[in-house]
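S.K.: Dumping the structure here so I can ask a few things about it.
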Amino acid sequence: MSGDAMKGGGIASPADSGDNPGLSVRVWDLVVRLFHWTVVTGCLLNLFVLDDGGLAHEVAGYAVAAALVIRVIWGFIGTRHARFADFVPGPRRLGAYLSALLKGREPRTLGHNPAGAVMMLVLMALLGGVSVTGWMMGLDAFWGEEWLEDLHGTLANSILALAFLHVGAALFESWRHRENLVWSMITGRKRP
Numbered sequence: 002m003s004g005d006a007m008k009g010g011g012i013a014s015p016a017d018s019g020d021n022p023g024l025s026v027r028v029w030d031l032v033v034r035l036f037h038w039t040v041v042t043g044c045l046l047n048l049f050v051l052d053d054g055g056l057a058h059e060v061a062g063y064a065v066a067a068a069l070v071i072r073v074i075w076g077f078i079g080t081r082h083a084r085f086a087d088f089v090p091g092p093r094r095l096g097a098y099l100s101a102l103l104k105g106r107e108p109r110t111l112g113h114n115p116a117g118a119v120m121m122l123v124l125m126a127l128l129g130g131v132s133v134t135g136w137m138m139g140l141d142a143f144w145g146e147e148w149l150e151d152l153h154g155t156l157a158n159s160i161l162a163l164a165f166l167h168v169g170a171a172l173f174e175s176w177r178h179r180e181n182l183v184w185s186m187i188t189g190r191k192r193p
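For what it's worth, the working numbering labels the leading residue of the sequence shown as 2, then goes sequentially.
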């Protein structure tokens with residue numbers, strides 16, 4: 002495998018597919034996929050379906066928080082494409098990727114591309130923030146604090162805005178590289 006493929010994001014190469022280069026390869030393990038869809042479900046429920054402050058809202062929030070904790074741990078001990086060391090870009094790598102993207106020459110990556118990695122880290126930080134502020138609102142010390150409720154709502158709305166951007170980018174990348182990234186987050190598999 003090339004040096005680029007070993008560094009974060011793993012640029013796809015035929016060698017990644019083993020003896021059957023025409024077949025798909027496992028990229029997203031079960032923990033990554035469960036985290037992704039737990040967050041999607043929990044955020045959609047809490048933003049659009051469940052009553053703010055209700056028990057179901059809290060349960061969904063705690064489920065997302067638990068998934069986040071598991072995902073952070075998995076980012077250090079998980080499979081190759083789940084590990085932060087595999088995909089977190091430095092400034093130079095991110096800049097080179099964004100420059101290539103603007104020129105329409107960005108490389109296809111097997112795991113997270115540098116821009117997607119940054120988006121994931123920002124969303125994870127926002128999820129952590131919304132989880133902590135949600136928990137704090139249930140404490141006697143912060144009960145009814147308007148600034149905390151405002152911060153919680155701002156973080157939740159930021160997640161929503163970035164999620165729309167994330168979905169748009171995934172659809173663009175799916176079109177650009179002729180592969181269904183949404184389906185790969187369901188199956189865990191991508192073409193090599």
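The C-beta atom is built at its ideal place from N, Cα and C for all residues, glycine as well.
Measure the C-alpha to C-alpha separation of Leu-128 and Thr-188 and round it to an integer number of angstroms.
M.R.: Taking C-alpha positions only, Leu-128 is separated from Thr-188 by approximately 24 Å.
S.K.: Using a Cβ-Cβ cut-off of 6 Å (strictly less than) and excluding sequence neighbours within five positions of Ser-132, which residues of its own chain qualify?
M.R.: Ala-66
S.K.: On the premise that Ala-83 lies in contact with Val-32, defined as a C-beta separation below 8 Å, what is that separation, rounded to the nearest angstrom?
M.R.: 7 Å
S.K.: Check Val-183 in the structure and name its three-state DSSP category.
M.R.: helix
S.K.: Take the Cβ of Asn-158 as the centre, count every other Cβ of all protein chains shown within 10 Å, and call the residue buried at 16 or more, exposed below.
M.R.: exposed
S.K.: Assign Ile-78 to buried or exposed, taking buried as 16 or more other Cβ atoms, counted over all protein chains shown, within 10 Å of its Cβ.
M.R.: exposed
S.K.: What are the boundary residues of the alpha helix (DSSP H) that includes Arg-72?
M.R.: 56-78
S.K.: CB-CB under 6 Å to Leu-46, same chain, minus the five flanking residues each way: which ones, in chain order?
M.R.: Within its own chain, the residues whose Cβ lies closer than 6 Å to the Cβ of Leu-46, once the five positions on either side in sequence are excluded, are Ala-61, listed in chain order.
S.K.: What three-state label does DSSP hand Val-123 in the structure shown?
M.R.: Val-123 falls in the helix class under three-state DSSP.
S.K.: Quick check on the DSSP output: what are the complete alpha helix (DSSP H) runs of length 4 or more inside the region 137-169, in order along the chain?
M.R.: With a minimum length of 4 residues, there is no unbroken run of alpha helix (DSSP H) contained wholly in the region 137-169.
S.K.: In whole angstroms, what is the alpha-carbon distance linking Lys-8 and Asp-141?
M.R.: Reliability fails at Lys-8, whose pLDDT of 39 lies under 50, so the model's placement of it is uncertain and no value is given.
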